[in-house]
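Undergrad:
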Amino acid sequence: MTDELTGDGRFANLSGADYRVRIEGKSDRVVLMIHGWPDDGRLWRNQVASIVGAGYTVVAPDLLGYGESDVPEDPSRCSAAAMAHDLLSLIELLSPSETHLVAHDYGALVAWDMVFEAPNAFASFAALSVGHPTPLAELSFENLRYHWYIALANSAVGPQLYTAANGTFMRLITRQHPDGNDIVDHVVKYPKRVEAMRQFEMSMPLAEVLLAGLNGQLPDLPKCTVPTLGLWGEDEDVLPERQMTETEFYVDAAWNYYKVPEGGHWMMLTNPKFVTEKVGAWIDQHSAPK
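In our numbering, the protein residues as written are 295 to 584.
1) Which residues does DSSP pair with ASP322 in a beta bridge?
2) Since TRP338 and MET562 are thought to touch, with beta carbons under 8 Å apart, how far apart are those beta carbons, to the nearest angstrom?
3) Have a look at ASP546 and THR519 and give me their C-alpha separation to the nearest angstrom.
4) Quick one: using the 10 Å Cβ neighbour count with 16 as the cut-off for buried, is PHE305 buried or exposed?
5) Measure the beta-carbon distance from ILE345 to VAL325 and round it to whole angstroms, keeping in mind my assumption that it falls under 8 Å.
6) In angstroms, rounded to a whole number, what distance separates the CA positions of TYR443 and PRO521?
7) I'd like to check one pair, ASP356 with ARG314: are the Cβ atoms closer than 9 Å?
8) Just mark GLN537 as buried or exposed, buried being the case when its beta carbon has 16 or more other beta carbons within 10 Å.
9) So which of MET491, ASP399, LEU508 has the shortest CA-CA distance to GLU530?
10) Helix, strand or coil: how does DSSP classify LYS584 here?
11) Considering only their Cβ atoms, is the gap separating MET496 from PRO369 smaller than 9 Å?
12) Can you tell me the Cβ-Cβ gap for ALA374 and VAL404, rounded? I've got them flagged as a contact below 8 Å.
13) Just the C-alpha distance for GLY425 and HIS329, rounded to the nearest angstrom, thanks.
14) Spatial neighbours of ALA354 within its chain, please: CB distance less than 6 Å, with the 5 preceding and 5 following residues excluded, ordered by chain position.
15) Is the distance from the Cβ of ARG371 to the Cβ of GLN511 below 9 Å?
16) Thinking C-alpha only, which one of THR351, GLY507, ALA450, PRO534 is nearest LEU422?
17) Any contact between the segment 567-583 and the segment 500-517? By contact I mean 3 or more CB pairs, one from each, below 8 Å.
18) Nearest to HIS471 by alpha carbon, out of LYS320, ALA311, GLY319, ASP333?
19) If contacts are defined as beta-carbon pairs under 8 Å, then LEU525 and VAL488 qualify, I think. What distance do you get, rounded to the angstrom?
20) Distance, Cα to Cα, TYR456 vs SER449?
21) Quick one: Cα of VAL409 to Cα of ALA397, how far?
22) If I'm right that ILE551 touches THR539 with Cβ under 8 Å, what's the distance once you round it to whole angstroms?
23) Where does the unbroken beta strand (DSSP E) through THR351 begin, and where does it stop?
Set out below in structure tokens:
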């Protein structure tokens, strides 16, 4: 099966699945920006103009199950590893002179797989909210306090929880998201969107992952050899800061970390100026001379 971009560049067929892809800019230096839950490629709207203006092309796909991309029936097709493979193929299709990676939330899990699998493909990496998977997967009470939403999503009634009572539960989870109410209104109107988005979560059943960890069956992940920037919002209430700060010990390359002031989980929307400046500076620092 041949991977390809459609003639208008709006979609890419990767391993048989159609990804909606937003492309802005005409440079051969690419910045691939990957969203997380419950967003799509438009998450990065406040960063695109600045990055393109600095001489890069922004490529922002919708992950499978999100936005306008396909919704495979098999959850394993929506796993981080599967989508990492797809997006590495997308980079090959674009044939950039260099590629920088920026990712958030579940998109960051996909991105970590990408830098593990093909470190030489990237000039830099910016991980927002989600650090190296090793400290994130450690069995600790602190981590467990933040994993409850995955367990609920894995449950049989997970989709109903998000849409019941006019989306009350989902509105609580997305209370820091500037677009939260609009997103919830949409999934209440189109409840199949929740089923589609949770395919990623179904690909990583939390109880089974925890059991594998207790039995010593989780693989040891490599250190990241791509220059990495970590950003975590000071008002973050979805993930603990420690999993980001300890990422330093799992990066065998340049590393920097910023706690984003006035930034919650969706810091690129709540403090776009700070995030845009730090991400842009990191990309420029690790870009080849023009």
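We treat Cβ as the ideally placed atom computed from N, Cα and C, and that holds for glycine. Bear in mind that the values here come from a model prediction, so they are computed numbers and not experimental data.
TA: Put simply:
1) The partner list for ASP322 (beta bridge, DSSP) is empty, contrary to what the question assumes.
2) 7 Å
3) 5 Å
4) buried
5) 5 Å
6) 31 Å
7) yes
8) buried
9) ASP399
10) coil
11) yes
12) 5 Å
13) 15 Å
14) ARG316, MET327, GLY335, TRP338
15) no
16) PRO534
17) no
18) ASP333
19) Not really, about 28 Å apart at Cβ, beyond 8 Å.
20) 12 Å
21) 12 Å
22) Reading off the sequence shown, one finds Tyr at residue 551, where the question assumed Ile. Their Cβ separation, rounded to whole angstroms, is 6 Å, which keeps TYR551 and THR539 in contact under 8 Å.
23) 351-355
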